[in-house]
């Protein structure tokens, strides 16, 4: 990589990788994969005889090949590459190139001089800049929204978007949802390990289940919260209630409490959130709250407090799989918010309240009910294709499709599709048809940019089938994600540094003289 002159704005030529690993479009996918592995690169560029880039094959395409069951040894690159890829010129400013990466979700863009391939720019090159440039320079070249930028270290979990995989600590999150109860996974995130024996499992359950009770004196206040406002928004009511809870329990700034006290506060907040959700919702419906039961697991108790009857084992198991699958998911907006607030030394309640605020945005936590609403708007299988075609042509977002991180199947969606299949019903049959129709329409109208279903698409089906009302979909998400938030709060507080990024000023050039007021 060439070095730009000190103080000079970096261009693509300064940061691009060269030479580029290239293949002919007639080469096999297996040959291309071998080159990528041997050269430790994330893509190869398909070129013609004049060295013009005519396609690009990336790691995410290799995942598609594997998912489709295609034979990589015989499949030509031309069938799986993205044809006619976007390119940038070598004299383009690096900041503009990375804006393009962020806007379209690319990880690699071929660089051309004239029409000939000259190099390639990737997110990997951005990270190399991060290692050698001061913060002032980084402010010009970090992608909008911090996409792809590492801002902290964590041992809680990670999301591997190209692989379609995510994990909690060292365990596959989907495997945990299939084989362990939620309390086990809760212990894993908070204390660092799964229970190894039944005795350890029962000890953790005995510690957290008594914490499900709403503290004495708070119930009358919850009644007022539940009746406030003409439109009841359960997530907003939960946010207010967590603030009241933290105040009533005298939560102090995290900088002023020891590790064990903060852990105890985290367990209490996580344990009582389902109780608060159900209490607020039932009070708003004019129903009496249902007391939590220590003899029921997390999901069964949640449904019992919500519905006032013992749930079926099938419904409790389905909701529990959903809850486990959504406990943590990398540095998403709400988790990052919780860590930023914790980094100031604020109390745990404040960090959870801030995370709930971030979750209230429809681009983060509100999609399950919107995805279900889309299914209901389509109504029948024969309406699916014209409805979806019209939506895509208008540029509308298809709720339940696409993800900021996953560029292949969302593993949470695959799990919940299985769960929804087991529950059955007409809505599940319609959802399956809409999914396959949407993939076909998107392949036709948006070639090369296939969108996969995300966790919200089947989450709505699962919760609806189990009797959870749509207005409680996002609060239900919060009832599990609070465990992830609190794990991150504990981790941030244990080795804290104030999170204080920089911004790139783009306003009028200062300093300008302060004008005298006229008249």
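In the working numbering, the protein residues as written are 17 to 535.
All C-beta atoms, glycine included, are put in the ideal place defined by N, C-alpha and C.
Between residue 34 and residue 135, the alpha-carbon positions lie close to 5 Å from each other. Pairing residue 270 with residue 362 gives a Cβ-Cβ distance under 8 Å. The criterion of a C-beta distance shorter than 8 Å is satisfied by residue 181 and residue 427. In this model, residue 287 and residue 223 are separated by some 10 Å (Cα to Cα). For residue 181, the uninterrupted beta strand (DSSP E) run begins and ends at 181-184, by DSSP. Under DSSP, residue 98 forms a beta bridge with 72.
Three or more Cβ pairs closer than 8 Å define a contact, and the segment 316-325 meets that threshold against the segment 298-306. In summary, residue 480 is buried, with 16 or more beta-carbon neighbours lying within 10 Å of its beta-carbon over all protein chains present.
At the C-beta level, residue 52 and residue 45 stay beyond 8 Å of one another. When rounded, the separation of the alpha-carbon atoms in residue 81 and residue 444 is 27 Å. Looking at 209, 193, 535 and 199, the one whose alpha-carbon comes closest to that of residue 186 is 209.
A Cβ-Cβ distance of about 5 Å is found for the pair residue 504 and residue 351, placing them in contact under the 8 Å criterion.
Bounds of the beta strand (DSSP E) holding residue 60 are 59-63. For residue 101, the number of other beta carbons within 10 angstroms of its own is at least 16, and it is reported as buried.
Per DSSP, the continuous beta strand (DSSP E) segment holding residue 136 begins and ends at 132-138. Going by beta carbons, residue 293 and residue 488 fall inside the 8 Å limit. For the alpha helix (DSSP H) assignment, the uninterrupted runs of no fewer than 4 residues enclosed by the segment 226-287 are, from N- to C-terminal side, 235-243 and 250-264.
Residues 350, 351, 354, 367, 368 and 371 of the same chain have their beta carbon placed closer than 8 Å to that of residue 501, with the five preceding and five following residues left out of the count. Excluding sequence positions up to five before and after residue 38, its CB lies within less than 6 Å of the CB of 61 and 63, all in the same chain and listed in chain order. If you ignore the 5 residues before and after residue 260, its C-beta comes within less than 7 Å of the C-beta of 234 and 237, all in its own chain and listed in chain order. Looking from the CA of residue 138, the closest CA among 395, 69, 123 and 202 belongs to 123. With 16 or more neighbouring CB atoms inside 10 Å of its own CB, residue 211 falls in the buried class. Taking 8 Å as the cut-off, the beta carbon of residue 111 is found no closer than this to the beta carbon of residue 128. In this structure, the beta-carbon distance from residue 453 to residue 400 falls below 8 Å. In this model, residue 213 and residue 239 are separated by some 41 Å (Cα to Cα). Secondary structure note for residue 191: its alpha helix (DSSP H) is the uninterrupted segment 189-195.
A residue is called buried when at least 16 other Cβ atoms come within 10 angstroms of its Cβ; residue 290 meets this threshold and is buried. Judged by beta-carbon spacing, residue 68 lies within the 8 Å limit of residue 133, meaning their Cβ atoms are closer than that value.
Residue 225 places its beta carbon 8 Å or farther from that of residue 326. Sequence-distant Cβ neighbours of residue 461 in its own chain, meaning closer than 8 Å and more than five residues away, are 405, 408 and 409.
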